[in-house]
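Chains as they are written, first to last, in the working numbering: chain R, 1 to 344; chain U, 345 to 507. In this text, a Cβ means the ideal position worked out from N, Cα and C, and glycines have one as well.
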Amino acid sequence: MQDFTWLTPYLLLNLSHGLLGLIWLGGLRRWTGSLPAILEASLLRWLLALPAIALILRSLGLTTATPAGPVLIRIDDWSKIINQSELALGALLSLSAGAALVTFIQEILPLLKKMYPNISKNRQRLEVTQNSRPHLALENITRSYFKSSSTGAITDRSITRSWSPHAWTWKVRTRAPKVIVSTDLWIATEGLFFPQIIISTAVLSLLNDDELEASIAHECAHLAIGSNFVLGWIWLIRLVQLFNPAALVAFRELVECRELACDSWASWITRKPEALASAIKKLTDANYVTLAQSSRDTHAARAEIRTTAQRIQALLETDVTAPDSAIFLIFSTALLGGLLWGIR
Amino acid sequence: MGNSLRRVLSTLLWTAGLVLTLGSIDRLFLGPIAPNGWIRVASIDAVPAAAGKIKTPNYFPATLGWPPEKIFYQLKPHPGWWISAKVNSDEPNSGTVWIGTLVDDSLSSLGDSNFLADCLSIPQGLRCPEGWYFLSKQTPDNQTLYVLTNFSKQEGIRIIEGL
Ligand SMILES: [Zn+2]
């Protein structure tokens, strides 16, 4: 039989990091009352990124070279114990292979399918039309945005999100919304560096002005909180941890939490949570899942069906609040980093 | 403010709780963290099995006694042991023997035996003081044994062959 024992420390390190991160976040949710969705989405992103960074550092031999600080879990010693038992080694390898298989079938394969050229050709043939309603909605959002925050801006030239120690400031860069003639209900942001909101005529006729504005604000939130560019990074981080079931769970939680975070951001800007809730309800009732950041991401779409009820409830029952200051995010991420550093 | 302070405190407490729990689980199953470097112990029984099994020589020069006088072991960075025989002679220049398994940079920390480190440093044996011999052999279980002595070379060979 092939010797897999050299893999054990890597698999064990990544698995313990991922599991501990999830347990830590679970405890945080419980002990701090409730975490604002935008904060939780940011934490989930770090929860995915830090184990990947640790794995890369170890592969490059950089963790053993700097044995600083106390060790909580001795990965090398535990790996030796696992390697001594065929049962334990077999269990670890099966768990890892299973996680990779699930990730491949449920996430990577659908993504590859969507990249199949015929489909993108079809989309290019879609007819573009002019409609002033999305533009007016975006103008309204921009105006409300300046009322909510003095430092950020929604312009057609800025791209980055920046923060000051006291408050998040956001910059949203988007080109003028594109309206597509289609009977499909479809609203999404597309593009990596120069994202654009794409909206179908069916959505325009379904939603009233307030609902449209709230929905477009939700799409702007995707650009502010995590653009397609950030999503690409998260996908790379996912691939590094293909064998980690905990990373699979964290990624799914992130996909769901992102929608809640974008809803709360949109409500903060427009002050129209009821309109957004009603838009979500209308779109869902019309039996189409939309508001996915990218319509290519079918898993995200499926996750949204499950969270629709949760999203509507959150919109109607939670008070509209400004996003948290960055201080707690930095503080808690540093704690998480220290905790994970103890496992090596 | 009160709310965010409470959140910071609960986060700190929860993280500290996790640190304690993880550390305790690890220590409970794997024991205390082995210190780096050589540790001197009083008897052979005190050497943990992870450092390797100490070989008892079949042959010793008449002036040497057993158990050994100095016993050192190391677990980290690499496991190994070194012992020096007890000299049962009042003669100041009578010969002695060091037996051990591990040759690495950390040998210089072996107490008063700096010459041992010199002697064992690469290229092995070339820097031994006058009259010292450095011998090594491979045991059937693939361990390398070293003998360092200022008896004659013949005595050294007899000792290492009896290991
Ligand atoms: Zn969305």
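The residues Leu44, in chain order, have a CB closer than 7 Å to that of glutamate 253 of chain R in the same chain once the five nearest residues on each side in sequence are set aside. Tryptophan 426 of chain U has a beta carbon lying at 8 Å or more from every beta carbon in chain R.
Within the same chain, Ile237, Val240, Gln241 come within 6 Å of alanine 52 of chain R by CB-CB distance, once the 5 residues on both sides are set aside. If you draw a straight line from the Cα of leucine 109 of chain R to the Cα of alanine 100 of chain R, it comes to about 12 Å. For secondary structure counted as the alpha helix (DSSP H) over 4 or more consecutive residues, the stretch 18 to 97 of chain R holds these complete runs in sequence order: 37 to 59, 62 to 65, 75 to 84.
Annotation: glutamate 274 of chain R to leucine 316 of chain R spans about 6 Å, alpha carbon to alpha carbon.
In terms of Cα proximity to glutamate 40 of chain R, the closest of R:Arg344, R:Val320, R:Ser332 is R:Ser332. Proline 245 of chain R: not part of any beta strand (DSSP E); member of the alpha helix (DSSP H) spanning 245 to 270, first to last residue. If you draw a straight line from the Cα of valine 102 of chain R to the Cα of leucine 112 of chain R, it is about 15 Å long. Glycine 338 of chain R sits in a helix when the DSSP states are folded into three classes. For tryptophan 341 of chain R, not one C-beta of chain U is nearer than 8 Å to its own C-beta. By the neighbour-count criterion, in which a residue is buried when 16 or more other Cβ atoms sit within 10 angstroms of its Cβ, glycine 475 of chain U is exposed. The continuous stretches of beta strand (DSSP E) do not include glycine 396 of chain U, and DSSP gives it neither H nor E. By the Cβ-count criterion, lysine 420 of chain U is exposed, with fewer than 16 other Cβ atoms from all chains shown falling within 10 Å of its own Cβ.
Unbroken alpha helix (DSSP H) stretches of 4 residues or longer found wholly inside the stretch 405 to 436 of chain U: none. The beta carbon of glutamate 259 of chain R sits closer than 7 Å to at least one heavy atom of ligand 1. For tryptophan 442 of chain U, the enclosing beta strand (DSSP E) has its first and last residue at 441 to 444. The contact set of isoleucine 330 of chain R on chain U, defined by CB atoms closer than 8 Å, is empty, because the minimum CB distance reaches about 12 Å.
Neighbours of valine 363 of chain U in chain R, taken as residues whose beta carbon is under 7 Å from its own, are Leu72, Leu339, Gly342 in chain order. Closer than 8 Å to the CB of glycine 367 of chain U there is at least one CB belonging to chain R. Among the residues facing chain R, leucine 374 of chain U is included, as its CB has a counterpart in that chain under 8 Å away. Pairwise C-beta distances place the stretch 215 to 223 of chain R out of contact with the stretch 15 to 31 of chain R, as fewer than three of them are shorter than 8 Å.
Here the distance from the Cβ of cysteine 220 of chain R to the nearest heavy atom of ligand 1 is not below 7 Å. In terms of beta-carbon proximity, aspartate 485 of chain U stays away from the interface with chain R, with every pair separated by 8 Å or more. With contact defined as three or more Cβ pairs closer than 8 Å, the stretch 247 to 265 of chain R and the stretch 175 to 192 of chain R are not in contact. Distance from the Cα of cysteine 262 of chain R is smallest, within the candidate group R:Pro36, R:Ile199, R:Ile82, R:Trp6, for R:Pro36. Proximity to leucine 126 of chain R across R:Ser132, R:Ala137, R:Ile199 peaks at R:Ile199, based on C-alpha coordinates.
Interface flag for leucine 89 of chain R against chain U is unset, since no Cβ pair is found closer than 8 Å. Per the coordinates, the alpha-carbon of alanine 97 of chain R lies some 41 Å from the alpha-carbon of tryptophan 382 of chain U. With three or more CB-CB distances shorter than 8 Å, the stretch 400 to 420 of chain U counts as touching the stretch 367 to 384 of chain U.
The beta carbon of arginine 311 of chain R lies closer than 7 Å to those of Glu259, Leu260, Asp263, Ile280 in the same chain, with the five residues before and after it left out. Just so you know, the alpha carbons of leucine 479 of chain U and valine 491 of chain U end up roughly 5 Å apart.
For asparagine 131 of chain R against valine 179 of chain R, the beta-carbon gap comes to about 5 Å, under 8 Å, which counts as contact.
Beta-carbon to beta-carbon, serine 278 of chain R and glutamate 213 of chain R are separated by about 12 Å, too far to satisfy the 8 Å threshold. For proline 411 of chain U, the CB contacts under 8 Å within the same chain, skipping 5 residues up- and downstream, are Ser387, Ile388, Lys430 in chain order. Under the 10 Å beta carbon count, valine 255 of chain R is surrounded by 16 or more other beta carbons and is classified as buried.
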